[in-house]
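The working numbering applies: residue 35 is where the sequence shown begins, and numbers increase by one. Everything below concerns the one structure shown next.
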Amino acid sequence: MEIRLVDPADIKWEQDHAVYRVYFWDTATVTSHEHEITGADIEEVLAWTHREAQEHGWSYTVYAKVSREGALGGPGLIRLAGVLGDPFACVLDPDGAHGPASFTISISEDNPDQARGTSSTKTVFLDDDSER
Numbered sequence: 035m036e037i038r039l040v041d042p043a044d045i046k047w048e049q050d051h052a053v054y055r056v057y058f059w060d061t062a063t064v065t066s067h068e069h070e071i072t073g074a075d076i077e078e079v080l081a082w083t084h085r086e087a088q089e090h091g092w093s094y095t096v097y098a099k100v101s102r103e104g105a106l107g108g109p110g111l112i113r114l115a116g117v118l119g120d121p122f123a124c125v126l127d128p129d130g131a132h133g134p135a136s137f138t139i140s141i142s143e144d145n146p147d148q149a150r151g152t153s154s155t156k157t158v159f160l161d162d163d164s165e166r
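Pasting the structure below:
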């Protein structure tokens, strides 16, 4: 965590009432449950989120919904709390049929000195430190 003093005059706008999105992640069934919340502050949102997550055994991510102008215009999300990234990226099949979770990384590299690029593949198993 980095903390620094700031000049409050460098902000162009602020909004008193936020729109929140809460995504609950049920990794056992590889499903998500998404909710939009208005009329609450972050403490209320987090309290409700914690209760729901505990009751169902889910993990979660809390976002603030924002809008942008320009090339990246439209609605977007800023993560405030909870899971970072895709919580389903390394989930086993629900029946565990495929053994240890693993993923394969394929790297292709274009080389102007060769007619074709080269590629290599590496498989990483998440249950131990072995690689192939």
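In this text, a Cβ means the ideal position worked out from N, Cα and C, and glycines have one as well.
When only Cα atoms are considered, W92 and F58 end up about 6 Å apart. Nearest Cα to E78 within the set T61, F122, P121, A52: A52.
Taking C-alpha positions only, D120 is separated from T95 by approximately 10 Å. For R85, there is no enclosing beta strand (DSSP E); the enclosing alpha helix (DSSP H) covers residues 76 to 90.
The Cβ atoms of L114 and I71 do not sit closer than 8 Å to each other. In this structure, V117 sits away from G110, with a CB-CB distance that is not shorter than 8 Å. For L39, no beta strand (DSSP E) encloses it, and the DSSP letter there is neither H nor E.
Your pair E68 and R55 checks out as a contact, with CB atoms roughly 7 Å apart and the cut at 8 Å. Assignment of D50 by DSSP, reduced to helix, strand and coil, places it in the coil class. Separation of S66 and D60 (C-alpha to C-alpha, rounded to the nearest whole angstrom) is 6 Å. Between I112 and A98, the C-beta gap is smaller than 8 Å, which places the two residues in contact.
Counting C-beta atoms within 10 angstroms of its own C-beta, T83 has 16 or more neighbours from the protein chains shown and is therefore classed as buried.
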